[in-house]
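S.K.: Here the protein sequences line up with chains U and G, keeping their order. Plus 568 on top of the position in the first sequence (first one is 1) and you've got the working numbering. Plus 4 on top of the position in the second sequence (first one is 1) and you've got the working numbering. Structure below; questions to follow.
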Amino acid sequence: SQTIHQWPATLVQPVGSPLSLECTVEGTSNPNLYWYRQAAGRGLQLLFYSVGIGQISSEVPQNLSASRPQDRQFILSSKKLLLSDSGFYLCAWSARRGRVNEKLFFGSGTQLSVL
Amino acid sequence: DAKTTQPPSMDCAEGRAANLPCNHSTISGNEYVYWYRQIHSQGPQYIIHGLKNNETNEMASLIITEDRKSSTLILPHATLRDTAVYYCIPIFYSGGSNYKLTFGKGTLLTVNP
């Protein structure tokens, strides 16, 4: 069965510090991978998605970047965190081919607080 | 993708059926209706989806009107663990390899003891 691992669960970082959140998927090959963010009291916002190694699409301009060094690994980074980067970050995957019954599977999330 | 309208919040008594409405009057013929839910501090979870016909699985039932302009998610016997934000998401299936979900504000369902 497929599983998605996301860590850490919580993170407190000072403004201006770097960030690296990692997500890995097991039990599937060639997944689409996604990073979402949920700010306090707000909806889920798609930040990045990837359809393959080294292929990253950004949905919104921001202080963050994403990388996919391996097929089942997705990393969210920042060189210098801002207060506005605080939020609940979620990694997700879906099967590569766009079949009608495709679903998104989410990780357990990382609660990031930038102070 | 079609725009959706959901009530911001609903209450339901434990053990009773929870009926969550969603209006998607601008939905196109190629858009499926997907439902997800998000329990507090967790990632969203897929519930069910449909195109035209009513659907049922182990979690819920989905009733789609004949004109497809609205749908209702039914949790037949709500439990306290069903307290969550429920998202109705029309998704256009293009057959391509990209698959993006755009989450709205959803409905906060509170199941009361």
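Don't be surprised by glycine CBs; every beta carbon is placed ideally from N, CA and C. Note that this is a predicted model, so its numbers are computed, not measured.
Buried or exposed: where does SER654(U) fall if 16 or more other Cβ atoms within 10 Å of its Cβ makes it buried?
M.R.: The residue labelled residue 654(U) in the question sits at position 86 within the first sequence. Buried.
S.K.: For SER645(U), collect the residues of the same chain with a Cβ closer than 8 Å to its Cβ; drop the 5 residues on either side in sequence, then sort them by chain order.
M.R.: Counted from its first residue, the first sequence places residue 645(U) at position 77. Cβ within range, chain order: PRO586, LEU587, SER588, LEU589, LEU632, SER633, ALA634, SER635.
S.K.: Any beta-carbon of chain U closer than 7 Å to the one on SER101(G)?
M.R.: For the purposes of this step, residue 101(G) is identified with residue 97 of the second sequence, where counting begins at 1. The predicted position of SER101(G) is uncertain, since its pLDDT is 46 and thus under 50; a value taken from the coordinates is nonetheless stated next. Yes, contact with chain U.
S.K.: In this structure, how does DSSP classify ASP71(G) when only helix, strand and coil are distinguished?
M.R.: Locating residue 71(G) in the second sequence gives position 67, where the first residue counts as 1. DSSP places ASP71(G) in coil when its eight states are reduced to three.
S.K.: Just confirm the distance between the C-beta atoms of GLY47(G) and GLY677(U), as a whole number of angstroms; I'd bet it's less than 8 Å.
M.R.: For this step, residue 47(G) is matched to residue 43 along the second sequence. For this step, residue 677(U) is matched to residue 109 along the first sequence. Rounded, the Cβ-Cβ distance is 5 Å, consistent with contact.
S.K.: Please report whether the beta-carbon of PHE674(U) lies at a distance below 7 Å from any beta-carbon of chain G.
M.R.: For the purposes of this step, residue 674(U) is taken as the residue at position 106 of the first sequence. Chain G contact via Cβ: present.
S.K.: Taking 7 Å as the threshold (beta carbon to beta carbon), is LYS109(G) in contact with chain U?
M.R.: As a working note, residue 109(G) is residue 105 in the second sequence. It does; some Cβ of chain U falls within 7 Å.
S.K.: Report buried or exposed for THR69(G), applying the criterion of at least 16 other Cβ atoms within 10 angstroms of its Cβ.
M.R.: Counting from one through the second sequence, the residue named residue 69(G) turns up at place 65. Burial call: exposed.
S.K.: State the Cα-Cα distance for the pair ASN27(G) and ASN600(U), rounded to the nearest angstrom.
M.R.: Your numbering for residue 27(G) matches position 23 in the second sequence. Your numbering for residue 600(U) matches position 32 in the first sequence. Approximately 29 Å, taken between the alpha carbons.
S.K.: Got a sec? Which residues, its chain only, sit under 8 Å from ASN102(G) by beta carbon, not counting five neighbours each side?
M.R.: Mapped onto the second sequence, residue 102(G) falls at position 98. With a pLDDT of 47 at ASN102(G), under the threshold of 50, the modelled position of this residue cannot be trusted, and the question is left open.
S.K.: Can TYR38(G) and ILE93(G) be called in contact, C-beta distance under 7 Å?
M.R.: Looking up residue 38(G) in the second sequence gives position 34. Looking up residue 93(G) in the second sequence gives position 89. Against a cut-off of 7 Å, the Cβ pair of ILE93(G) and TYR38(G) comes out as a contact.
S.K.: Around the Cβ of GLN638(U), are there at least 16 other Cβ atoms within 10 angstroms (buried) or fewer (exposed)?
M.R.: Walking along the first sequence from the start, residue 638(U) turns up at place 70. Flag for GLN638(U) reads exposed.
S.K.: Can you tell me whether SER101(G) is helix, strand or coil according to DSSP?
M.R.: Reading the second sequence from its first residue, position 97 is the one you call residue 101(G). A caution first: SER101(G) carries a pLDDT of 46, below 50, which makes its placement in the model unreliable, though a value can still be read off. Coil, per DSSP.
S.K.: Rank ASP71(G), ARG72(G), ASP86(G) by C-alpha distance to the C-alpha of MET63(G) and give the top, closest one.
M.R.: The sequence position of residue 63(G) within the second sequence is 59, counting from 1. Measuring from the Cα of MET63(G), the nearest candidate turns out to be ASP86(G).
S.K.: Can you check whether the C-beta of PRO48(G) is within less than 7 Å of a C-beta belonging to chain U?
M.R.: What you label residue 48(G) is simply residue 44 of the second sequence in a count that begins at 1. Yes, contact with chain U.
S.K.: In the structure shown, what three-state DSSP assignment does ARG610(U) receive?
M.R.: Taking the first residue of the first sequence as 1, we reach residue 610(U) at position 42. ARG610(U): coil per DSSP, three-state reduction.
S.K.: Could you tell me whether any Cβ in chain U is nearer than 7 Å to the Cβ of LEU112(G)?
M.R.: Numbered from 1 along the second sequence, position 108 holds the residue referred to as residue 112(G). No, LEU112(G) lies away from the interface with chain U (no Cβ there is under 7 Å from its Cβ).
S.K.: I want to see whether chain U comes within less than 7 Å of LEU105(G), judged by CB atoms only; does it?
M.R.: Mapped onto the second sequence, residue 105(G) falls at position 101. At least one chain U Cβ lies under 7 Å of LEU105(G).
S.K.: Quick check on DSSP: helix, strand or coil for SER646(U)?
M.R.: What you label residue 646(U) is simply residue 78 of the first sequence in a count that begins at 1. SER646(U) falls in the strand class under three-state DSSP.
S.K.: Please look up how many angstroms separate the CB atoms of LEU615(U) and LEU105(G), rounded, as I've assumed it's under 8 Å.
M.R.: As a working note, residue 615(U) is residue 47 in the first sequence. As a working note, residue 105(G) is residue 101 in the second sequence. Going by Cβ atoms, the distance from LEU615(U) to LEU105(G) rounds to 13 Å, so no, they are not a contact pair.
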